[in-house]
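For the record, in the sequence shown the residue sitting at position 220 is 219 according to numbering that gives the first Met the number 0, with numbers rising by one throughout.
Here is the structure we will look at.
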Amino acid sequence: MTDPAAEPSALENLLSEDRRFPPAPEFVAQANAHRDLYAWAAADRVGFWADQARELITWQTPFTQTLDWSNAPFATWFADGTLNACDNAVDRHVRAGHGDRVALYFEGEPGDTRTITYADLQREVSRAANALQALGVTTGDRVALYMPLIPEAVVAMLACARIGAPHSVVFGGFSAEALHSRILDAEAKLVVTADGGYRRGNPTSLKPAVDEALAKGAPTVEHVLVVRRTGQPVDWTEGRDVWWHEAVAAASDEHTPVPVPAEHPLFILYTSGTTGKPKGVLHTTGGYLTQCAYTHLNVFDLKPDTDVYWCTADIGWVTGHSYVVYGPLVNGATQVIYEGTPDTPDRGRWWDVVAKYRVSILYTAPTAIRTCMKWGDDIPAARDLSSLRVLGSVGEPINPEAWTWYRRVIGGDRTPVVDTWWQTETGAIMISPLPGVTEAKPGSAQVPLPGVAAEVVDDDGTPVPNGSGGYLVITEPWPAMLRGIWGDPDRYVDTYWSRFKHLYFAGDGAKKDEDGDIWLLGRVDDVMNVSGHRLSTTEIESALVSHPWVAEAAVVGASDETTGQAVVAFVILRGDSEGLTRTPAEVEAELRAHVATQIGPIAKPRQILVVPELPKTRSGKIMRRLLRDVAEHRAVGDATTLADQSVMDLIAAGLSSPASAAD
Ligand code: WT7
0 MTDPAAEPSA LENLLSEDRR FPPAPEFVAQ ANAHRDLYAW AAADRVGFWA
50 DQARELITWQ TPFTQTLDWS NAPFATWFAD GTLNACDNAV DRHVRAGHGD
100 RVALYFEGEP GDTRTITYAD LQREVSRAAN ALQALGVTTG DRVALYMPLI
150 PEAVVAMLAC ARIGAPHSVV FGGFSAEALH SRILDAEAKL VVTADGGYRR
200 GNPTSLKPAV DEALAKGAPT VEHVLVVRRT GQPVDWTEGR DVWWHEAVAA
250 ASDEHTPVPV PAEHPLFILY TSGTTGKPKG VLHTTGGYLT QCAYTHLNVF
300 DLKPDTDVYW CTADIGWVTG HSYVVYGPLV NGATQVIYEG TPDTPDRGRW
350 WDVVAKYRVS ILYTAPTAIR TCMKWGDDIP AARDLSSLRV LGSVGEPINP
400 EAWTWYRRVI GGDRTPVVDT WWQTETGAIM ISPLPGVTEA KPGSAQVPLP
450 GVAAEVVDDD GTPVPNGSGG YLVITEPWPA MLRGIWGDPD RYVDTYWSRF
500 KHLYFAGDGA KKDEDGDIWL LGRVDDVMNV SGHRLSTTEI ESALVSHPWV
550 AEAAVVGASD ETTGQAVVAF VILRGDSEGL TRTPAEVEAE LRAHVATQIG
600 PIAKPRQILV VPELPKTRSG KIMRRLLRDV AEHRAVGDAT TLADQSVMDL
650 IAAGLSSPAS AAD
């Protein structure tokens with residue numbers, strides 16, 4: 000584990016940030032959030048969450064129990080209540096007379112659009128739920144989704160929720176290999192996919208990866224339900240494969256949601272950890288929905304009848320689960336979903352979307368903000384962004400420059416910016432300013448939300464004083480917390496609850512400034528954050544050593560101006576391998592392609608360096624800190640614990656031609 004305070008210079012720069020953005024009086028006057036929320040939650044934290052659960056969620060059977068922590072770290076919330084997530088996200092809005100309200104404005108990358116009201120959504124989701132049941136899916140069965148960001152993806156998730164079948168969404172950028180291991184781990188009965196989607200102006204394919212994954216053997220999968228999106232030809236397995244447009248269109252548009260207990264699994268979402276095997280993070284229904292709805296309402300100041308909300312995340316990530324599907328829909332919001340990339344057909348696409356739909360709340364990632372910054376102010380300046388009133392950021396620390404640019408250029412120097420810290424495991428936002436309440440500090444996520452108890456602690460688990468750094472922990476259970484790792488309760492306890500006694504360890508380093516505000520400093524474990532996406536160093540190392548040319552590999556996250564971190568790999572080739580006869584550029588290309596097949600294109604190293612040795616301690620542990628110095632072109636730090644002092648010289652000598660093949 001690295002010392003979170005190891006790079007004091009960058010930190011001091013951050014903490015000397017003295018710009019302040021107090022909430023504007025006009026904003027305060029209409030804000031959902033108010034200062035009293037903190038006092039309310041502090042007076043009775045569990046009671047506060049119960050109040051939120053009663054107010055924001057429709058229960059089939061009201062709960063009488065709140066938190067049960069007697070079997071810690073396994074929590075239950077509202078356990079004797081029953082509800083249905085899809086009923087909360089769709090049907091109840093129609094019952095309340097909001098059937099004509101737009102739920103989704105879909106903008107396809109090629110420019111095709113669809114407008115879907117809550118009444119439309121109810122019919123679509125009912126048809127899909129009936130189709131799923133006709134394919135044999137029942138309450139408790141797992142369904143894997145591997146889809147582009149199209150309305151059918153949202154409908155498929157909700158249809159699963161409607162029958163109480165936990166979904167496991169696998170990001171479309173993951174490989175067949177990665178999809179296969181996730182299907183096996185969850186023992187999915189059905190896979191929902193599409194022929195493909197549109198990205199950067201071209202159709203990309205998805206169905207072939209599903210075919211390949213299932214060809215590796217997946218005994219639990221009975222059917223593959225395929226949405227036709229691009230119309231490209233696909234291979235077809237008779238009896239197994241079913242077209243969505245046939246099965247769903249044929250089904251009745253009436254369906255009764257299945258009420259489930261609050262602790263019924265809603266979904267599994269795989270995320271990278273510090274080992275090679277991704278973890279199936281498990282979320283359940285009642286507590287998760289409560290915290291998604293509460294945070295979405297207060298952190299974004301959502302006004303469901305007037306706002307147009309847009310979160311740019313893909314449904315393959317937790318942000319897409321909590322802030323595209325469940326949070327906004329449970330709150331009855333109107334939102335935009337956009338299939339493609341920000342630069343197609345040109346670099347103004349996002350701002351065209353904002354102007355076209357009069358988007359008022361925008362939630363995106365620092366990497367995207369920095370990319371837009373690089374493209375130039377004139378692009379957003381040429382569009383009408385006056386509808387925007389709240390801006391959010393998530394996924395990685397946002398540097399003060401990007402924060403102030405976001406507010407000034409996108410937010411017209413007028414909108415609050417909320418930097419929201421949370422994780423796949425936390426399920427919903429945990430640390431964030433509240434617009435209309437908090438005086439904002441660019442670069443800091445600032446304070447735990449009302450109802451959330453977070454601390455920064457030292458090595459012994461003791462809270463650090465203001466002005467000091469340490470490890471971020473959550474000190475009390477929260478409603479949207481993960482309930483475990485699918486099929487591996489021990490790993491849940493080991494990963495999150497063993498580093499500090501009775502504290503949830505998030506894996507992030509953090510510092511409290513003189514006011515007690517929290518600044519996130521990045522991961523302190525072997526997890527990288529590339530463009531807000533979590534990648535495991537170990538997972539990429541295993542992918543590299545699975546290539547016949549590679550004897551050993553070490554991966555580090557090197558800081559990168561745009562993506563936050565970038566993957567840099569150091570490999571030793573086998574003495575007898577064909578790789579030795581190739582140029583460094585050829586080796587790099589071959590191994591990058593191999594990582595793409597093993598994990599997915601997002602995991603491709605920016606740079607792969609062939610080295611004769613790796614720096615190791617006497618006990619054989621790779622000293623990644625030294626490799627990071629090399630990758631970031633710094634003077635190599637203290638190497639006195641190296642077993643072989645000449646190794647760094649050898650590496651430096653071998654790096655005279657650092658060909659980089661980033662794309
Ligand atoms: C890790 C969680 C939460 C949705 C997207 C990522 C980093 C997330 C922030 C933020 C600094 C952040 C942390 C965290 N992170 N938000 N506002 N400031 N760091 O979800 O893949 O589960 O990754 O992302 O390192 O542990 P994830």
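Note that the Cβ used here is the ideal one computed from N, Cα and C, for glycine as well.
On a predicted model such as this, the values are computed, not experimentally measured, just so you know.
Per the Cβ contact rule, the stretch 425-432 is not in contact with the stretch 399-411 (fewer than 3 Cβ pairs under 8 Å). About 5 Å separates the Cβ atoms of residue 395 and residue 365, confirming a contact at the 8 Å cut-off.
Sorting 61, 121, 72 and 73 by C-alpha distance to the C-alpha of residue 88 places 121 at the top. When distances are taken from the beta-carbon of residue 519 to the heavy atoms of the ligand WT7, the shortest one is below 7 Å. Beta-bridge analysis with DSSP links residue 556 to 566. Within 7 Å of the C-beta of residue 396 there is at least one heavy atom belonging to the ligand WT7. The continuous beta strand (DSSP E) containing residue 280 extends over residues 278-283.
Taking residue 173 as the centre and dropping the five residues before and after it, the same chain places the C-beta of 599 closer than 6 Å to its C-beta, in chain order.
Taken from the Cβ of residue 516, every heavy atom of the ligand WT7 lies 7 Å or farther away. The DSSP-derived three-state label of residue 247 is helix.
Shown here for residue 538: same chain residues with a beta carbon closer than 6 Å to its own, the five before and five after excluded, namely 271 and 275 in chain order. Linking residue 67 to residue 291 through their CA atoms gives a straight-line distance of about 20 Å. Judged by DSSP secondary structure, residue 536 falls within the alpha helix (DSSP H) whose first and last residues are 536-544.
Shown here, residue 418 sits in a strand according to DSSP, grouped into three states. Assignment of residue 258 by DSSP, reduced to helix, strand and coil, places it in the coil class. Taken atom to atom, the span from the alpha-carbon of residue 196 to that of residue 312 is near 16 Å. Going by beta carbons, residue 574 and residue 586 fall outside the 8 Å limit. Taking C-beta atoms as the reference points, residue 591 and residue 74 fail to come closer than 8 Å. Within its own chain, the residues whose Cβ lies closer than 8 Å to the Cβ of residue 484, once the five positions on either side in sequence are excluded, are 278, 279, 280, 281, 490, 491 and 494, listed in chain order.
When only Cα atoms are considered, residue 507 and residue 523 end up about 6 Å apart.
Residue pairing by DSSP places residue 196 opposite 203 in a beta bridge.
For the ligand WT7, a non-hydrogen atom lies closer than 7 Å to the CB of residue 419.
Assignment of residue 222 by DSSP, reduced to helix, strand and coil, places it in the strand class. Three or more pairs of CB atoms, one per stretch, sit closer than 8 Å, so the stretch 143-155 contacts the stretch 164-182. The Cβ atoms of residue 503 and residue 472 lie closer than 8 Å to each other.
Note: residue 264 is bridge-paired with 283 in the DSSP secondary-structure output. The straight-line gap separating the alpha-carbon atoms of residue 620 and residue 613 is approximately 10 Å. A straight line joining the alpha-carbon of residue 515 with that of residue 22 spans about 19 Å. DSSP, reduced to helix, strand and coil, places residue 166 within a strand of the structure shown.
Counting C-beta atoms within 10 angstroms of its own C-beta, residue 611 has fewer than 16 neighbours from the protein chains shown and is therefore classed as exposed.
Cβ-Cβ separation between residue 106 and residue 114: approximately 10 Å, too far for a contact (criterion under 8 Å). Distance between residue 644 and residue 607, taken at the CA atoms: about 23 Å. Assignment of residue 289 by DSSP, reduced to helix, strand and coil, places it in the helix class.
Nearest Cα to residue 358 within the set 458, 335 and 343: 335.
Look at residue 403: its beta carbon is at least 7 Å from all of the heavy atoms in the ligand WT7.
Boundaries of the beta strand (DSSP E) harbouring residue 115: 112-116, taken from the DSSP string.
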